[in-house]
Amino acid sequence: MDKYDVISTIGKGSFGLVKLIKRRSDGRTLVWKEMNYSRMSAREKQQLVSEVNILRELNHPNIVRYYDRIVDRKEATVYIIMEYCSGGDVGRMIKKKKKSKEYITEEVIWKIFAQVVSALVECHSHKGGKVLHRDIKPANIFIDSQKNIKLGDFGLSRLMNEDSEFAQTHVGTPYYMSPEQIQ
Ligand code: 430
245 MDKYDVISTI GKGSFGLVKL IKRRSDGRTL VWKEMNYSRM SAREKQQLVS
295 EVNILRELNH PNIVRYYDRI VDRKEATVYI IMEYCSGGDV GRMIKKKKKS
345 KEYITEEVIW KIFAQVVSAL VECHSHKGGK VLHRDIKPAN IFIDSQKNIK
395 LGDFGLSRLM NEDSEFAQTH VGTPYYMSPE QIQ
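So the sequence shown is numbered by my numbering: it starts at 245 and just counts up by one.
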């Protein structure tokens, strides 16, 4: 924990807080997702462990980079340290554009689409089992300072390998569910 300085809070959710932090060793700006696991069920804890394990293996320019995790047993809190995407998420970008009655250009839409597809190719060809994201939506697509697109939030993702059954549970956000999930 003393390797980082907390700068501010950037977001809140049912999971906990997301904070902007600075790594002391090199001054690099990153974020951490703070999650208290004291009231989580065994299943939710397992999901959290699996999210971290999936994230740390995915190393791709269009996937939010995982750096480290800290477990504070006394506070029953895990901190997942990730890349900072200063452009925020595409969900917010759409809302802002709508409010100011601006269009997103077709060029930008294609750029976002192509980079999300690159991220998916990486997930689906992951050695050691395909990673299914299962919740792709504008709010889970982030933009970095150089306008690169990064797929994030693998909280609902599943690893599929020879010994896993096909995931049959219904998760995700209904608007963005794939036809095979709807089926
Ligand atoms: C739950 C949280 O998840 C996030 C947030 C990420 N993030 C990285 N840089 C950011 C800059 C601004 C806002 C969010 C940023 S990456 C990430 C993830 N799980 O991969 C999240 C998700 C969607 C929208 C907002 C948030 C947040 F506000 F809580 F951070």
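A virtual CB, placed ideally from N, CA and C, is assigned to each residue, including glycine.
6 angstroms Cβ shell around residue i - same chain, five flanking residues per side excluded
i      : result
Gly396 : Val308, Asn384, Phe386
Ser389 : Ser330
Asp312 : Ile325
Lys277 : Val262, Ile324
Pro423 : none
Val334 : Pro382, Ile385
Heavy atom of ligand 1 within 7 angstroms of residue i beta-carbon
i      : result
Phe357 : no
Cys329 : yes
Asp379 : no
Ile298 : no
Asn306 : no
Asp316 : no
Ala383 : yes
Asp312 : no
Val293 : no
Lys339 : no
Asp428 : No answer is possible for residue 428: it lies beyond the span of the chain, which begins at 245 and ends at 427.
Val275 : yes
Lys256 : yes
Gly262 : The residue you asked about is not Gly; residue 262 is Val in the sequence shown. Under cutoff, so the answer is yes.
Met279 : no
Met284 : no
Chain-order list of residues whose beta-carbon lies under 7 angstroms from that of residue i (same chain, five-residue window excluded)
i      : result
Tyr328 : Leu264, Thr273, Leu274, Val275
Lys289 : Tyr281
Any chain D beta carbon closer than 8 angstroms to residue i
i      : result
Asn306 : Here there is only one protein chain, and chain D is not present.
Candidates the options, of which the one nearest residue i by Cα
i      : options                        : result
Gly332 : Gly255, Lys266, Arg378         : Gly255
Ile432 : Leu261, Lys339, Leu364, His368 : Residue coverage of the chain in this structure runs from 245 to 427, which leaves residue 432 outside it and unanswerable.
Leu261 : Glu350, Val250, Ile380, Ile298 : Val250
Tyr310 : Thr321, Glu295, Ala320, Arg287 : Glu295
Tyr281 : Arg267, Leu302, Ala320         : Ala320
Ile353 : Glu366, Met284, Ile338         : Ile338
Lys374 : Asn306, Pro382, Leu302, Val322 : Leu302
Lys371 : Gly271, Phe259, Ile298, Tyr248 : Ile298
Gln291 : Lys340, His377, Lys266         : His377
Pro382 : Ile426, Ser369, Lys391, Val360 : Val360
Ile314 : Met279, Lys355, Ile356         : Met279
Same chain, Cβ closer than 8 angstroms to residue i, five either side skipped, listed in chain order
i      : result
Ser252 : Lys263, Leu264
Asp316 : Met245, Val322, Tyr323
Ser269 : Lys247
Tyr420 : Asp379, Ile380, Lys381
Could I get the ranges of all uninterrupted beta strand (DSSP E) runs contained in the stretch 318-380, with 3 residues as the minimum, in chain order? For the stretch 318-380, whole beta strand (DSSP E) runs of length 3 or above, ordered along the chain, are 321-327, 374-376.
Unbroken beta strand (DSSP E) runs of length 3 or more, entirely within the stretch 281-323: which are they? At a cut-off of 3 residues, the continuous stretches assigned as beta strand (DSSP E) that sit fully inside the stretch 281-323 are 310-316.
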